[in-house]
Amino acid sequence: MNPPASSQHSSTPKHSSPNDLTEFITKLVGYDFPINDGGFGDVYKCTYKHKRGEQPVEIVVAVKVLRTRAQSDNEASRREIGIWKRMRHECIVPLLGTTTGFSADHRVSFVSSWMPNGTLNTYLKKEVSLRQRYNLVN
-6 MNPPASSQHS STPKHSSPND LTEFITKLVG YDFPINDGGF GDVYKCTYKH KRGEQPVEIV
54 VAVKVLRTRA QSDNEASRRE IGIWKRMRHE CIVPLLGTTT GFSADHRVSF VSSWMPNGTL
114 NTYLKKEVSL RQRYNLVN
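Heads up: the sequence shown begins at -6 in our numbering, then just goes up one per residue.
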């Protein structure tokens, strides 16, 4: 089965939902728990399996599950999805779609490409000297 056309190439209205990729997302074997966590959520390493034409395609993706407790947090999540799916810049990881099933209450989670160098903070600490980081902000 083919997934819906990518939200970044579709002509959907500004406030429509991104693609629901739930049936195409699988946790990687050995990655049952979040691979990373932050102040706002947990990140799982997963695969996104679909077909491009007749060719099966499998890519590694990150699934970000936000920790939300209140209705206002859910609305903030929807706003973030709406903003992220419209952003186009070489330095911003595109939103591929959403998925559910990574939390007990089946809240919507974000799907993006897996970044092998990790988070921006991790990359900067490992690969960029203190002087180079200082120059980035000045």
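Heads up, the beta-carbon is just placed ideally off N, CA and C, and yes, glycines get one too.
Distance CB(residue i)-CB(residue j) smaller than 9 Å
{"i": "K42", "j": "F17", "result": "yes"}
{"i": "N110", "j": "K119", "result": "yes"}
{"i": "L21", "j": "T40", "result": "yes"}
{"i": "G90", "j": "D13", "result": "yes"}
Residues near residue i by beta carbon distance below 7 Å, same chain, minus five either side
{"i": "M86", "result": "Residue 86 is actually Val in this sequence, not Met. Around V86: S105, S106, M108."}
{"i": "D35", "result": "P27, V58"}
Residue from the options whose Cα sits closest to the Cα of residue i
{"i": "I74", "options": "R100, K20, V121", "result": "R100"}
{"i": "F33", "options": "R124, V130, A69, C84", "result": "A69"}
{"i": "L113", "options": "T19, G31, L14", "result": "G31"}
Cβ neighbours of residue i in the same chain (closer than 6 Å, five flanking residues each side left out)
{"i": "Y116", "result": "N110"}
Classification of residue i by the beta-carbon crowding that lies within 10 angstroms, buried from 16 upward
{"i": "P46", "result": "Checking the sequence shown, residue 46 turns out to be Gly, not Pro. The residue in question, G46, is exposed, as its Cβ has fewer than 16 Cβ neighbours within 10 Å."}
{"i": "S102", "result": "buried"}
{"i": "T92", "result": "buried"}
{"i": "S9", "result": "With a pLDDT of 44 at S9, under the threshold of 50, the modelled position of this residue cannot be trusted, and the question is left open."}
{"i": "V56", "result": "buried"}
Whole-number beta carbon distance between residue j and residue i, since they are thought to touch under 8 Å
{"i": "C44", "j": "V50", "result": "The question names Cys, but residue 44 in the sequence shown is Lys. Sure, about 7 Å apart at Cβ, within 8 Å."}
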